[in-house]
Amino acid sequence: MLLTLALPACGSANDQGDSPQGAEPRAKAGGVALKKVGTFDTPVYVTGAPGFPKLLFVVEQPGRVVVLKDGRRAGTFLDIRDIVEDGGERGLLSVAFPPDYAASKRFYVYYTDAEGAIRVDEFQRRSATRADRDSRRSVITIPHPVNANHNGGQLQFLGNLLYFGTGDGGSGGDPPNNAQNKDVLLGKLLRIDPRAAGGKPYSVPADNPFVGKPGRDEIYSYGLRNPFRFSFDTTNGQPRIAIGDVGQNRFEELDYLTVDRAGGANFGWDALEGFSKYTEENSGTPDPGGTVKPVFAYGHGSGCTIIGGYVVRDPRLPGLRGRYVYADLCEGKLRSLVPHLKRASGDRQLGLQVQSPSSFGEDQQHRLYVVSLEGPVYRLVPR
Ligand SMILES: [Ca+2]
Ligand SMILES: [Ca+2]
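Okay, here's the thing in structure tokens:
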């Protein structure tokens with residue numbers, strides 16, 4: 002069972018006393034409405050697969066991926082509940098399908114195992130709606146033995162390369178200062194080619210920023226606390242990345258920059274939280290200088306845990322096109338802002354609310370979904 006509101010968290014609890022327990026989404030607001038596509042067991046992610054525009058995949062935290070076809074449940078695509086350690090912030094947290102999925106049949110999952118380690122495994126599909134459980138191949142295992150929190154959890158492909166975000170190893174204030182340590186893979190955005198090559202389970206692109214330099218070659222960016230959800234924005238020519246990095250006790254932050262510039266970037270944790278110097282428990286990491294500042298941050302008076310979303314590209318939602326839609330786990334209100342490379346603007350509520358949002362996601366038609374940890378998955382539709 003999940004611990005309500007525990008999922009990607011870790012900031013201090015929201016003390017406003019107005020959490021949306023029992024609230025149902027309003028049917029209509031701001032030109033956008035929420036349409037329920039189904040109810041699931043502790044869902045934490047939703048996505049589509051290249052070449053299969055009619056399918057939608059919902060990730061259930063205990064360890065299943067459920068598939069819908071044309072909006073109707075079409076079965077369990079993958080069940081790995083036996084190898085997933087679930088609860089709180091742990092569990093099966095993401096699935097990703099590479100651009101060549103239709104031909105290669107391979108896809109990837111991100112989960113925590115019985116030892117608490119972060120694992121990315123590869124599987125292959127047997128049919129459009131059924132994975133081959135026996136095709137499992139371990140791609141990478143990242144030890145995360147000390148604390149149960151801050152496991153990261155997002156997989157995203159950009160081209161053939163797999164990006165994934167790991168948490169800092171947990172507790173509060175990153176006691177071992179993992180996020181600033183380029184010799185460990187915690188508190189990082191990582192980038193690999195997940196295909197087996199040369200007798201190894203994956204390869205590292207030669208142009209990763211720390212190849213040939215001190216620091217693990219898999220690292221793309223560092224100084225992250227718990228980048229539970231991130232997405233790519235390909236609406237603007239040069240691809241950009243939007244990272245919702247969950248904060249400690251004071252600030253939730255959104256990082257938004259070109260993918261190029263994110264190469265080698267230091268996002269500042271745990272010297273910095275949001276725009277501010279981090280001075281609370283287990284602080285003491287000096288500001289290294291040259292860090293990438295967020296484009297937006299909000300304080301814990303209006304939330305507890307950012308749930309990063311997507312820059313909207315669904316042509317059915319003209320009022321939201323180009324805006325970044327996100328939410329906060331405790332507040333549940335859907336919000337949007339205009340992302341700029343220097344600073345976001347125009348942050349405002351959509352007028353829609355979801356209980357304990359755990360993620361957003363897009364299908365192959367660029368339609369946008371929001372997931373409630375309590376069970377429902379909704380699609381954002383025009384009013
Ligand atoms: Ca620290
Ligand atoms: Ca290196």
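Under our numbering, the sequence shown has 43 at position 42, and the numbering climbs by one with no breaks.
Every residue, glycine too, gets a C-beta built ideally from N, C-alpha and C.
From which residue to which residue does the alpha helix (DSSP H) around residue i run?
i      : result
Arg262 : 260-263
Ala103 : 102-105
For residue i and residue j, which I take to be in contact (beta-carbon distance under 8 Å), what is that distance rounded to the nearest angstrom?
i      : j      : result
Arg82  : Gly64  : 3 Å
Thr48  : Phe58  : 6 Å
Gln354 : Lys334 : 5 Å
Val140 : Tyr221 : At roughly 16 Å, the Cβ-Cβ gap does not stay under 8 Å, so Val140 and Tyr221 are not in contact.
Pro100 : Asn161 : 7 Å
Asp246 : Asp256 : 6 Å
Gly376 : Tyr370 : Going by Cβ atoms, the distance from Gly376 to Tyr370 rounds to 14 Å, so no, they are not a contact pair.
Pro358 : Leu330 : 6 Å
Ala207 : Leu163 : Not really, about 16 Å apart at Cβ, beyond 8 Å.
Val312 : Asp234 : 4 Å
Looking at the unbroken beta strand (DSSP E) that takes in residue i, where does it start and where does it end?
i      : result
Ser373 : 369-373
Gln125 : 119-128
Lys189 : 189-193
Arg322 : No beta strand (DSSP E) holds Arg322; DSSP gives it neither H nor E.
Phe41  : Phe41 -> no beta strand (DSSP E), and no H or E assigned at all.
Ser360 : 358-363
Lys55  : 53-61
Pro1   : The requested residue 1 does not occur in the structure, where the chain is confined to residues 2 to 384.
Phe211 : From DSSP, Phe211 is part of no beta strand (DSSP E); its letter is neither H nor E.
Phe297 : 297-300
Thr142 : 131-143
Tyr223 : 220-223
Arg344 : Run containing Arg344: none; DSSP gives neither H nor E here.
Pro398 : No answer is possible for residue 398: the residues shown for the chain start at 2 and end at 384.
Gly337 : Note that residue 337 corresponds to Ser in the displayed sequence, not to Gly. Here the beta strand (DSSP E) through Ser337 covers 334-339.
Gly310 : 307-312
Lys394 : Only positions 2 to 384 of the chain appear in the structure, and residue 394 is not among them; the question remains open.
Gln366 : Element bounds for Gln366: n/a, residue is neither H nor E.
Tell me which residues share the same chain as residue i and place their Cβ nearer than 6 Å to its Cβ, disregarding the 5 neighbours each side in the sequence.
i      : result
Asp133 : Gln125, Arg127
Arg314 : Thr236, His367
Glu1   : Residue 1 falls outside the range modelled here, since the chain spans only 2 to 384, and no answer is possible.
Glu332 : Gly304
Gly166 : Gly153, Gln155, Leu190, Pro228, Phe231
Ala266 : Ser222, Val293
Asp364 : Gly49, Leu57
Gly216 : Lys183
Could you give the distance in angstroms between the alpha-carbon of residue i and the alpha-carbon of residue j?
i      : j      : result
Ala103 : Asn209 : 27 Å
Ala180 : Gly171 : 10 Å
Gly76  : Val66  : 9 Å
Ala198 : Gln239 : 29 Å
Leu69  : Leu94  : 18 Å
Gly39  : Arg262 : 38 Å
Asn178 : Asp169 : 8 Å
Lys294 : Gly269 : 8 Å
Gly88  : Gln62  : 8 Å
Pro176 : Gln157 : 28 Å
Ser337 : Gly309 : 11 Å
Asp71  : Pro146 : 41 Å
Leu159 : Leu187 : 21 Å
Pro144 : Ile244 : 23 Å
Gly300 : Leu225 : 18 Å
Asn148 : Glu116 : 11 Å
Asn283 : Ile307 : 22 Å
Ala50  : Glu253 : 30 Å
Val33  : Val60  : 24 Å
Asp184 : Lys214 : 11 Å
Arg349 : Ser136 : 45 Å
Val339 : Gly200 : 45 Å
Ser105 : Gly285 : 47 Å
Please decide whether residue i counts as near chain B, where near means a Cβ-Cβ distance under 8 Å.
i     : result
Ser95 : The structure shown contains no chain B; it holds only a single protein chain.
Just to confirm, does residue i get its C-beta within under 7 Å of one of the non-hydrogen atoms of ligand 1?
i      : result
Gly224 : no
Please find out if some non-hydrogen atom of ligand 2 comes closer than 7 Å to the beta-carbon of residue i.
i      : result
Gly49  : no
Gly265 : no
Val212 : yes
Pro287 : no
Pro215 : yes
Asp414 : For the chain, the structure presents residues 2 to 384; residue 414 sits outside this window and is missing.
Asp218 : yes
Go through its chain and collect everything with a Cβ distance to residue i's Cβ below 7 Å, but skip five positions before and after it.
i      : result
Lys281 : As written in the sequence, residue 281 is Glu, which differs from the Lys given in the question. Taken in chain order, the residues that qualify are Gly174, Gln249, Asn250.
Lys36  : Tyr379, Arg380, Val382
Leu273 : Tyr279, Asp288, Thr292
Phe78  : Phe58, Val66, Val67, Val68, Thr130, Arg131, Ala132
Val205 : Ile193, Val212, Asp218, Glu219
Gly52  : Tyr102, Ala103
Which residues in the same chain have their Cβ closer than 8 Å to the Cβ of residue i, if we skip the five residues on either side of it in sequence?
i      : result
Asp114 : Ile84, Val85, Glu86, Arg120, Thr142
Arg344 : Val296, Phe297
So which residues touch the region around ligand 3, with touch meaning a C-beta under 5 Å from any heavy atom?
The model depicted lacks ligand 3 and carries ligand 1 and ligand 2 instead.
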